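Chains as they are written, first to last, in our numbering: chain A, 14 to 731; chain B, -2 to 141.
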């Protein structure tokens, strides 16, 4: 049906009018609160305290969520919120990677706060429509669309008859519905989940932007932690914002000159060096598929191995040559000349409900090629793109799906589950057809898809309780921590990266720290203290992007010519200075690179305390599955025997001669597990936490995040 | 294709072109607001820097705010442009201009006013064949 006709069938539940106002130095100074249980809509002030202590973006999200929930709150309780906020720098057009939205909720997978950093136009348009953050609480009775008109100054909650359930359909339909003309489409951004959000805990949110050149709606994903599942549980069909009139000065920055200078400088760098550095403009993050394989870091067969002879079949050149449209730089917000977003246009779908249709697939990103492909032993670019498309449109997190499928495959090959349990799916490594069917089942809410959609933590429990699996083995090979599936890097040979994954707040996602090269390849952080320093600095530095509506990629996926001679090249000091300039240029405040880290530390510690308040956030929660730290099985050890034998000799003075592989695995394991514990000790000390991972009072005081309720949450554990 | 041609060797560095350009478009004589610039530092003499109408910037712009007009001159749709400045950073001639007083960048549109006033004929309006330039690899066309 024509979208405008469908709109006529919308039933208004609430309409809220507001003064348009103006952004001042990056902030609108108010947030939009919506409760779907009683259709209440109100404007809440953003206080100076919030700006000072939480900066914006994810910081605001955490603060609102903290005030909304109780320690007992579950993801599907009505008081759980979905908070979306960009940040004070969000929406500037001159500097690459400045249009991100940060989404925060209580995760169905972890029971903790999940935060996700996503592209698309929603966050910036929301701000220009007058709101620093959008806070959605409660549950609607029937499917609703929330429409924010940033030029009219209205917020509408409308019951919708839209029957479509998948992301790409809803994105297109609502863009069509609310745009007044073709030219108006770029002023619309839609947030929506997908059909699998109803049946799984790994649902994601799609954030759209309209691609003017292709004339298609593009989808970017807030992938991790099941935010789409919460969205569906609230019966939200979509959030839509419309704002006409984006310009480079809409943040009303304090000093636009600094922003312009930093922007042009980085554009020039990217123009000059991207081709010889990471080729982000050509292929995006997928440029590292073969690099990871080369360094034995590409997860293969549920993280057993780090490389595979067939990787060439899914190497970046295959996508560049056969699938990805070239010559159209794809930024997910204005001004992103790094342009990592990629599209395979006119891609023909071979399976499922959209079989035979030609679609635009956003991707593949590295994580998708590695997770959907290599980790499941599927070295087929067609499968990777098609499953990428279906994950997005069904609203399934590609990372969790890849890691879950790889886990299920290993269980299947070990006889822990069988064809009877999987309903006929032969989940051997490499079986693309079975993996695809598993994905379709998640959309339909059928069969083994329902089980896999619960995530690895719950699968482990079920396999033990119902099928008599060995819990220790499943704990070793199930690549989840805190309930969240690992993202797609093999951390086995890098202790720092084991910590980079294990010592995160939300669970093992690489956005906090990616230290593999520093640690393993370049040997820049040899001691525990060095590693602890890196596991303090980098997570804090990277947290800052999420406070400000920024993307991490333009920080170190392009580096200035002089970087190699900089004092600390891994930090990309010149780009750190760009961020200081941007922050000061927009907000008019005066921070330096040290204060930048403190801004993050406040929020990072607050998030840790939030986890503690939710009953977690302690040392035991930072334990990792052994598969991420060393070889679990004989075949795994044997595949890298020379390396491991040598380590036994050199590091432990243990002679592997005449020992069985099982014996050697046990000795190596004791050593590696001990190393991880020592790492934890060092990192906790560096972060100002006690030995149980609880932030100390004086740490909180020093950072100025010693709010009474924060102190109250940690007190019982100190 | 209409464009401003140049002969650096005829330039005497009088900067009249610069004043005319910024005065015409921005009502002030300010070299930072001129689309044409004359580099006086060059060892080889004067170096005239101005848009060659190669069109590389058209490819760079994600929202099609740059286009060729009926004379094949590259122009900016100010209404559509958000001022991301990517075209400034990616211009192979470094001839796409930006000034902090303005949101959108600006460039030479081959109006020819400067050429009319050039005392030595160092700058002049010329018509070059776009097809030939493409063949020589000097220019970009949309959609490639």
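Note that the Cβ used here is the ideal one computed from N, Cα and C, for glycine as well.
As the structure is a prediction and not an experimental result, all values here were calculated from the model.
| Residues near residue 80(B) by beta carbon distance below 6 Å, same chain, minus five either side | Cβ within range, chain order: 100 and 101.
Shorter than 8 Å from the beta carbon of residue 584(A) to some beta carbon of chain B?
-> Taking Cβ atoms only, chain B never reaches closer than 8 Å to residue 584(A), which makes this a no.
Worksheet entry | Members of the segment 443 to 468 of chain A near chain B, C-beta cut-off 8 Å | For chain B, none of the residues of the segment 443 to 468 of chain A brings a beta carbon within less than 8 Å of one of its beta carbons.
Requested in this report: Compute the Euclidean distance between the alpha carbons of residue 83(A) and residue 127(A), then round it to the nearest angstrom.
Outcome: Rounded to the nearest whole angstrom, the CA to CA distance from residue 83(A) to residue 127(A) is 16 Å.
>> For residue 472(A) and residue 392(A), which I take to be in contact (beta-carbon distance under 8 Å), what is that distance rounded to the nearest angstrom?
In response: Not really, about 25 Å apart at Cβ, beyond 8 Å.
Can you pull the chain B residues whose beta carbon is under 8 Å from the beta carbon of residue 262(A), in chain order? Close to residue 262(A), with beta-carbon spacing below 8 Å, are these residues of chain B in chain order: 80 and 100.
Note the first and the last residue of the continuous alpha helix (DSSP H) segment covering residue 361(A). Annotation for residue 361(A): no alpha helix (DSSP H) segment contains it, though the beta strand (DSSP E) segment containing it runs 356 to 361.
* the segment 65 to 95 of chain B: which residues have C-beta closer than 9 Å to a C-beta of chain A, in chain order? -> Answer in chain order: 77, 78, 79, 80, 81, 82, 83, 84, 85, 86, 87, 88, 89, 91 and 95.
inquiry  = Please report the distance separating the alpha-carbon of residue 171(A) from that of residue 24(B).
reply    = Each residue's Cα considered, the two are about 51 Å apart.
Practice problem: Establish whether the CB of residue 292(A) and some CB of chain B are separated by less than 8 Å. | Solution: With 8 Å as the cut-off, residue 292(A) does not count as an interface residue toward chain B.
Exercise for review: Write down every uninterrupted run of the alpha helix (DSSP H) in the segment 651 to 699 of chain A whose length is 4 residues or greater and which is fully enclosed by it, in chain order.
Suggested key: The segment 651 to 699 of chain A contains these whole alpha helix (DSSP H) runs: 654 to 665.
| What is the DSSP secondary structure of residue 332(A), reduced to helix, strand or coil? | Annotated three-state conformation of residue 332(A) is helix, per DSSP.
Margin query: For a cutoff of 8 Å on Cβ pairs, would you count residue 295(A) as touching chain B?
Written below: For residue 295(A), no CB of chain B lies under 8 Å from its own CB, so it is not counted at the interface with that chain.
Rounded to a whole number of angstroms, what is the C-alpha to C-alpha distance between residue 114(B) and residue 12(B)? If you take the alpha carbons of residue 114(B) and residue 12(B), they lie about 10 Å apart.
Query raised in the report: Going by C-alpha distance, which of 502(A), 615(A) and 208(A) is nearest residue 75(A)?
Result: Of the listed residues, the one whose Cα sits closest to residue 75(A) is 615(A).
Flag residue 597(A) as yes if its beta-carbon sits less than 8 Å from any beta-carbon of chain B, otherwise no. Answer no: the Cβ-Cβ gap between residue 597(A) and chain B never drops below 8 Å.
- Task: Over the uninterrupted beta strand (DSSP E) stretch that includes residue 2(B), give me the two end residues.
- Result: Taken as a continuous stretch (DSSP letters only), the beta strand (DSSP E) holding residue 2(B) covers -1 to 3.
For the segment 161 to 242 of chain A, which segments carrying the beta strand (DSSP E) assignment without a break, of at least 3 residues, lie completely within its bounds, in sequence order?
Taking only runs of at least 3 residues, the beta strand (DSSP E) segments lying wholly in the segment 161 to 242 of chain A are 167 to 172, 201 to 205, 218 to 224 and 229 to 235.
* Taking just the CA atoms, how far does residue 108(B) sit from residue 522(A)? -> Each residue's Cα considered, the two are about 55 Å apart.
Problem - Cβ separation of residue 45(A) and residue 56(A), assumed to be a contact under 8 Å, to the nearest whole Å - result: Rounded to whole angstroms, the Cβ separation of residue 45(A) and residue 56(A) is 7 Å, and the two are in contact under 8 Å.
* Could you work out which residue in 225(A), 231(A), 196(A) and 236(A) is closest to residue 209(A) when comparing CA atoms only? => It is 236(A) whose Cα lies nearest to the Cα of residue 209(A).
task: Assuming residue 505(A) and residue 643(A) form a contact by the criterion Cβ under 8 Å, report the distance between their Cβ atoms to the nearest whole angstrom.
output: By a beta-carbon distance limit of 8 Å, residue 505(A) contacts residue 643(A). Their separation comes to about 6 Å.
- Task: Kindly give me the distance between the Cβ atoms of residue 299(A) and residue 174(A), rounded to whole angstroms, as I take these residues to be in contact under 8 Å.
- Result: Not confirmed; about 39 Å, so no contact.
(message) Could you tell me the alpha carbon to alpha carbon distance between residue 249(A) and residue 450(A), rounded to whole angstroms?
(response) So the alpha carbons of these two residues sit roughly 27 Å apart.
> Which one or two residues does DSSP pair with residue 103(B) in a beta bridge?
Replying inline: Answer is 94(B), bridged to residue 103(B).
Local conformation of residue 252(A) per DSSP, three classes:
In this structure, residue 252(A) counts as strand in the three-state DSSP scheme.
Entirely enclosed alpha helix (DSSP H) segments - the segment 378 to 431 of chain A, minimum 4 residues: Runs found: 394 to 407 and 411 to 426.
Margin query: For residue 567(A), which residues in the same chain have their Cβ closer than 7 Å to its Cβ, ignoring the five residues on either side in sequence?
Written below: Hits under 7 Å: 109, 110, 279 and 351.
Using a Cβ-Cβ distance under 8 Å, would residue 347(A) count as near chain B? Yes, because at least one Cβ of chain B sits closer than 8 Å to the Cβ of residue 347(A).
Self-check item: Status (buried if at least 16 other CB within 10 Å, exposed otherwise) for residue 418(A)
Solution: Buried, since its Cβ has 16 or more Cβ neighbours within 10 Å.
CA-CA distance, residue 562(A) and residue 96(A)? Distance between the alpha carbons of residue 562(A) and residue 96(A): 14 Å.
Whose C-alpha, out of 66(B), 84(B), 35(B) and 89(B), is nearest the C-alpha of residue 6(B)? When 66(B), 84(B), 35(B) and 89(B) are compared, the shortest CA-CA separation from residue 6(B) is found for 35(B).
Query - Straight-line Cα distance separating residue 96(B) from residue 124(B) - result: Computed Cα separation, rounded: 29 Å.
Would you mind giving the Cβ-Cβ distance between residue 38(A) and residue 99(A), rounded to the nearest angstrom? I have them listed as a contact below 8 Å.
-> About 14 Å separates the two Cβ atoms, so there is no contact after all.
Taking the alpha helix (DSSP H) that residue 148(A) belongs to, which residues open and close that run? That residue, residue 148(A), is in no alpha helix (DSSP H); its beta strand (DSSP E) goes 146 to 150.
Margin query: the ligand SAM and residue 48(B): does the residue's C-beta get closer than 7 Å to at least one heavy atom of that ligand?
Written below: Absence of the ligand SAM is noted for the structure shown, with no ligands found whatsoever.
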